[in-house]
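The working numbering numbers the first residue of the sequence shown as 17 and each following residue consecutively. Below is one structure, written out as structure tokens; comments come after it.
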Amino acid sequence: MTELVTEGLKVGFRAFDTARDYSNEHIVGRVLEECLKKAGLSRKDVFITTKIGNSQQEKGDIEGEIEKSLENLHTDYVDLWLMHWPYPGYFEKTWEKMEKVYAQGKVRAIGVANYNMRYFRKLFSADIEVVPHCLQLEHHPMRTADDILAFCKEKQISIQAYSPLCRMIPAIRDNIILKQISVSKGKSIPQVILRWHYQHLSVPVFKTLKPHRLGENFNIWDFELTEQEMRQISSLDADYKYHLESVSCPGY
Ligand SMILES: NC(=O)c1ccc[n+]([C@@H]2O[C@H](COP(=O)([O-])OP(=O)(O)OC[C@H]3O[C@@H](n4cnc5c(N)ncnc54)[C@H](OP(=O)(O)O)[C@@H]3O)[C@@H](O)[C@H]2O)c1
Numbered sequence: 017m018t019e020l021v022t023e024g025l026k027v028g029f030r031a032f033d034t035a036r037d038y039s040n041e042h043i044v045g046r047v048l049e050e051c052l053k054k055a056g057l058s059r060k061d062v063f064i065t066t067k068i069g070n071s072q073q074e075k076g077d078i079e080g081e082i083e084k085s086l087e088n089l090h091t092d093y094v095d096l097w098l099m100h101w102p103y104p105g106y107f108e109k110t111w112e113k114m115e116k117v118y119a120q121g122k123v124r125a126i127g128v129a130n131y132n133m134r135y136f137r138k139l140f141s142a143d144i145e146v147v148p149h150c151l152q153l154e155h156h157p158m159r160t161a162d163d164i165l166a167f168c169k170e171k172q173i174s175i176q177a178y179s180p181l182c183r184m185i186p187a188i189r190d191n192i193i194l195k196q197i198s199v200s201k202g203k204s205i206p207q208v209i210l211r212w213h214y215q216h217l218s219v220p221v222f223k224t225l226k227p228h229r230l231g232e233n234f235n236i237w238d239f240e241l242t243e244q245e246m247r248q249i250s251s252l253d254a255d256y257k258y259h260l261e262s263v264s265c266p267g268y
């Protein structure tokens with residue numbers, strides 16, 4: 017991880033995504049501290065997102081959980097704290113407690129992940145004080161989630177796209193529309209998709225284990241997709257989800 021983070025910082029990446037349920041917060045904390053020092057950067061130069069998982073929602077000590085995350089991450093605040101899932105039976109109460117943590121300044125922003133319209137409606141019908149600052153959702157050309165994005169725009173909820181490359185599955189990698197746009201722009205398919213996200217004001221949270229891909233994935237600022245190309249890419253929507261909710265969130 018040290019090699020990846022060092023290369024990422026060198027290329028220009030400044031945002032990191034983790035979660036309690038990834039069981040790697042403590043590694044992210046240690047490696048980030050070491051790499052920031054080596055790069056002559058400090059905590060305030062990076063944006064850290066972490067998430068509170070279902071088992072922690074079940075236990076109910078939401079304030080205690082942020083303390084553990086801060087300790088794991090070697091920091092006294094996180095930039096964005098997300099509820100990982102709208103865990104049925106728990107999520108409204110969790111949100112109320114997250115609002116309290118936000119008021120204390122231990123997290124700069126609070127948000128949710130994996131909410132669809134049904135869960136947004138439920139959350140908003142509870143008496144919430146803070147509108148989520150961010151939604152992290154599976155979002156890519158095969159899942160444009162237009163209804164959710166329109167709702168978030170109306171409520172001024174920012175968007176982070178997870179699995180933004182749809183894991184580069186064959187339906188993406190071999191897609192003729194993406195190939196044509198890629199050739200005409202002189203850019204790779206991942207670069208075209210990441211640019212599509214950027215032009216949607218959706219922040220792509222991609223993953224790679226290969227340091228040489230970081231430069232490629234960052235290099236999306238010297239071209240623009242036309243409105244027609246944006247529409248063509250969005251036309252790949254098939255309401256397809258790589259990650260199944262039922263596996264990660266019983267009762268979803
Ligand atoms: N909130 C949630 O519930 C949730 C759920 C899932 C994921 N996430 C977050 O989203 C992040 C990314 O999601 P993801 O890993 O599912 O999907 P992804 O970023 O769409 O896809 C990752 C795959 O794309 C490949 N890839 C990346 N750049 C590439 C390039 N330039 N050329 C070719 N292949 C490339 C990677 O392979 P190589 O390693 O070989 O480059 C990897 O197999 C996760 O790490 C996590 O932080 C959040």
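Heads up, the beta-carbon is just placed ideally off N, CA and C, and yes, glycines get one too. Since this is a predicted model, take the numbers as computed values, not measurements.
- Straight across, the Cα-Cα distance linking Arg124 with Leu96 is about 6 Å.
- Relative to ligand 1, Gln196 has its C-beta separated by 7 Å or more from all heavy atoms.
- Under the three-state reduction of DSSP, Cys182 is assigned to helix.
- Within the same chain, Pro157, Ile188, Ile205, Val208, Ile209, Ile249, Leu252 come within 8 Å of Leu194 by CB-CB distance, once the 5 residues on both sides are set aside.
- Ile144 and Glu23 have their C-alpha atoms roughly 41 Å apart.
- Separation of Asp61 and Gln120 (C-alpha to C-alpha, rounded to the nearest whole angstrom) is 22 Å.
- Phe63: member of the beta strand (DSSP E) spanning 63-68, first to last residue.
- For Asp163, the enclosing alpha helix (DSSP H) stretches over residues 162-171.
- For Gly76, the secondary structure class from DSSP, reduced to helix, strand or coil, is coil.
- Contact between the segment 69-88 and the segment 230-240 is absent, with fewer than three C-beta pairs closer than 8 Å.
- Residue burial is scored here from C-beta neighbours: Phe140 has fewer than 16 other C-beta atoms within 10 angstroms and is therefore classed as exposed.
- In this structure, Met99 places its C-beta atom within 8 Å of the C-beta atom of Ile68.
- If you draw a straight line from the Cα of Tyr258 to the Cα of Cys182, it is about 7 Å long.
- Exposed is the label assigned to Met133, since fewer than 16 other Cβ atoms lie within 10 Å of its Cβ.
- Annotation for Ala31: Phe63 place their beta carbon closer than 6 Å to its own, counting only its chain and skipping 5 residues before and after.
- Minimum Cα-Cα distance from Tyr106 among the listed residues Lys138, Ile126, Phe167 corresponds to Lys138.
- Along the length of the segment 179-229, whole alpha helix (DSSP H) runs at least 4 residues long occupy 186-189, 192-201, 205-215, reported in chain order.
- For Glu170, the closest of Pro104, Glu243, Asn40, Leu151 by C-alpha to C-alpha distance is Leu151.
- With a threshold of 16 other beta carbon atoms within 10 Å, Ala35 meets it and is buried.
- Spanning the alpha carbons of Glu79 and Glu49 requires a straight line of approximately 24 Å.
- Taking the C-beta atoms as reference points, Asn233 is found nearer than 8 Å to Phe222.
- In this structure, Asn130 places its C-beta atom within 8 Å of the C-beta atom of Pro102.
- Short note on Arg159: C-beta not closer than 7 Å to any heavy atom of ligand 1.
- Here Asp33 is bridged, per DSSP, to Thr65.
- Beta bridge pairing from DSSP links Leu139 with no other residue.
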